Amino acid sequence: MCLRILTSTGRGGYVDVSKVSLDDILYLYDRCPAEYIDEPREDVIAAYRKAELQRVFYATQKDEE
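If you're matching positions, the sequence shown starts at 337 in this note's numbering and goes up one per residue.
What follows is the structure, encoded as structure tokens:
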């Protein structure tokens, strides 16, 4: 089973945590016009960190099976 864990970009979209870094998300977030931003930067960071923890947890669970 392939599990994709998505996180918000803060600009109305979602990305797969395993395919993009937090730095990449914030780079694009910081260059986005304000009218297209729908979440505070801090929320984007928190969501990414939570999704990254979930990804590590599920990878660990898969290894134990």
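Cβ coordinates follow ideal geometry from the N, Cα and C atoms, glycine included. Fair warning: this is a prediction, and the values are worked out from it, not measured in the lab.
Residue i - DSSP class collapsed to helix/strand/coil
| i | result |
| --- | --- |
| THR396 | helix |
| SER354 | helix |
Element boundaries [beta strand (DSSP E), containing residue i]
| i | result |
| --- | --- |
| LEU339 | From DSSP, LEU339 is part of no beta strand (DSSP E); its letter is neither H nor E. |
CB contact check: residue i to chain D, cutoff 8 Å
| i | result |
| --- | --- |
| ARG391 | No chain D is part of this structure, which consists of one protein chain only. |
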